[in-house]
DNA sequence: AGACACCTACCTAGTGGTAGGTAGGTACAA
DNA sequence: TTGTACCTACCTACCACTAGGTAGGTGTCT
């Protein structure tokens, strides 16, 4: 992959995570990357193609992050705490959202393949969380544990909702308030 | 308030909750309400003014809904279950979001007054939830109860996140899966 | 020569609006 | 009753700009 293509993806991801898919245009990317707007179509034929590439790339990055969490954290509880930190970090001080949260409210603007990728992203995260909760069940690192199959979707929604309200107010403390009880359960 | 102004607000709310603030235009409202696009400016000078009116109206509607919940449900647990139902109902089978969720990811497109109103909406909901959790603490209708001050922001984020992921997939079952544990705690 | 990565010129469609006007209705004074 | 002034609620014509693109071309490197 070329430097320009990567620069476009980086620029587009920042824009999408800050302003949503309808809130930025190729003109914004053109300014930031330093090539003319029609040249972007050489790399990405349509905005939908660009968005698809963004989500696919984001999924890979999140897979890597989860693998890193697993290898750096021996207990289920520590893994979940680490994921909370990843979602908190994605807030960038309240100025951005994780990509799939950023795209979800404007899903009508997205091609079907992108919607599919977003669904796969969420499924992957839920599967990972089920495993982490199950590990916490075995190693005793999570208190008040219900069925991992039920904990996982609730936790993902909590993280996404906490991100969204923190982003709206540009205030990370809102994320922290929403995740306090979860973090108190894991170690 | 005139019929036309109300019709515009209704149309705009549907559009915003389905497609987000950047995903619809005055042209859409014009088509649905049956007046020309510039005529909309007679009723709402700018799109920001319209959005402000939307959020203020939504807040009032939600206040009314919470009052109704309080009078129809004697226990804290039942009140929270009823609020979950309100948020589930707002999904309209997976085709829409509650207004503030729909607007939050595109908050960069909004005037400051609207951001303020969204913040007030969330504060109001959290205050209501604190009271409901405190009532549940007194009447025993909620199990495994932590501090209401911590339960409330977590619950609001859970509801908003559950809404968002259900909307992305147009699948109410995702909302149900995310809220299952919460509903199992309240009666 | 071919591949790659850009460029300019231009396109259609759309965006949120402004400006000036019309039509119908109401209230009030002579 | 009539005329006037004002209000409400719309209209047409138009604006400046922006959106995602298309088409044809150029320059560089292997």
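Residue numbers (the numbering used here), protein chains in the order written: chain L, 1 to 187; chain D, 188 to 374. Where is the CB? At the ideal position from N, CA and C, for every residue including glycine.
Give me the chain D residues within the contact set of residue i, using Cβ-Cβ distance strictly less than 7 Å, ordered along the chain.
i	result
residue 101 of chain L	292, 351
residue 148 of chain L	Those within 7 Å of residue 148 of chain L in chain D number zero; the least Cβ separation is about 11 Å.
residue 90 of chain L	Ordered by position in chain D, no residue passes the 7 Å Cβ test against residue 90 of chain L, which lies about 13 Å from the chain.
residue 81 of chain L	Per Cβ cutoff of 7 Å: no residues; residue 81 of chain L is ~15 Å from chain D at best.
Strictly below 9 Å CB to CB, what residues from chain D border residue i?
i	result
residue 159 of chain L	344, 348
residue 144 of chain L	331
residue 19 of chain L	209, 292, 293, 294, 295, 296
Along chain L, which residues have their Cβ under 7 Å away from the Cβ of residue i?
i	result
residue 356 of chain D	119
residue 284 of chain D	105
residue 364 of chain D	153
So residue i and residue j are supposed to be a Cβ contact under 8 Å. How far apart are they, rounded?
i	j	result
residue 369 of chain D	residue 271 of chain D	7 Å
residue 293 of chain D	residue 209 of chain D	5 Å
residue 186 of chain L	residue 142 of chain L	5 Å
residue 309 of chain D	residue 287 of chain D	7 Å
residue 51 of chain L	residue 114 of chain L	5 Å
residue 124 of chain L	residue 59 of chain L	7 Å
residue 12 of chain L	residue 29 of chain L	6 Å
residue 144 of chain L	residue 75 of chain L	Rounded, the Cβ-Cβ distance is 16 Å, inconsistent with contact.
residue 5 of chain L	residue 26 of chain L	Actually they are not in contact, since the Cβ atoms of residue 5 of chain L and residue 26 of chain L sit about 14 Å apart, beyond 8 Å.
Just the chain L side, please: which residues come within less than 8 Å of residue i by C-beta, in chain order?
i	result
residue 368 of chain D	146, 150, 151, 154
4 or more residues per run - each alpha helix (DSSP H) lying fully within the segment 82 to 169 of chain L = Runs of the alpha helix (DSSP H) spanning 4 or more residues and lying entirely within the segment 82 to 169 of chain L occur at 99 to 104, 112 to 139, 148 to 169, in chain order.
Name, going along the chain, the residues of the segment 108 to 125 of chain L whose beta-carbon falls closer than 8 Å to a beta-carbon of chain D.
-> Only 108, 109, 115, 118, 119, 122 from the segment 108 to 125 of chain L bring a Cβ to less than 8 Å from some Cβ of chain D.
Is there contact here, the segment 156 to 174 of chain L with the segment 341 to 352 of chain D, by at least three beta-carbon pairs under 8 Å?
-> Verdict: yes, contact present.
Write down every uninterrupted run of the beta strand (DSSP E) in the segment 235 to 265 of chain D whose length is 3 residues or greater and which is fully enclosed by it, in chain order.
-> Counting only runs of 3+ residues, no beta strand (DSSP E) is found wholly inside the segment 235 to 265 of chain D.
Counting Cβ pairs, one atom from each stretch, are 3 or more of them under 8 Å apart for the segment 253 to 272 of chain D and the segment 355 to 371 of chain D?
-> Segments in contact, yes.
If you pair each beta-carbon of the segment 3 to 20 of chain L with each one of the segment 67 to 82 of chain L, do three or more pairs fall below 8 Å?
-> As far as the Cβ criterion goes, the segment 3 to 20 of chain L does not touch the segment 67 to 82 of chain L, which means the pair count is below three.
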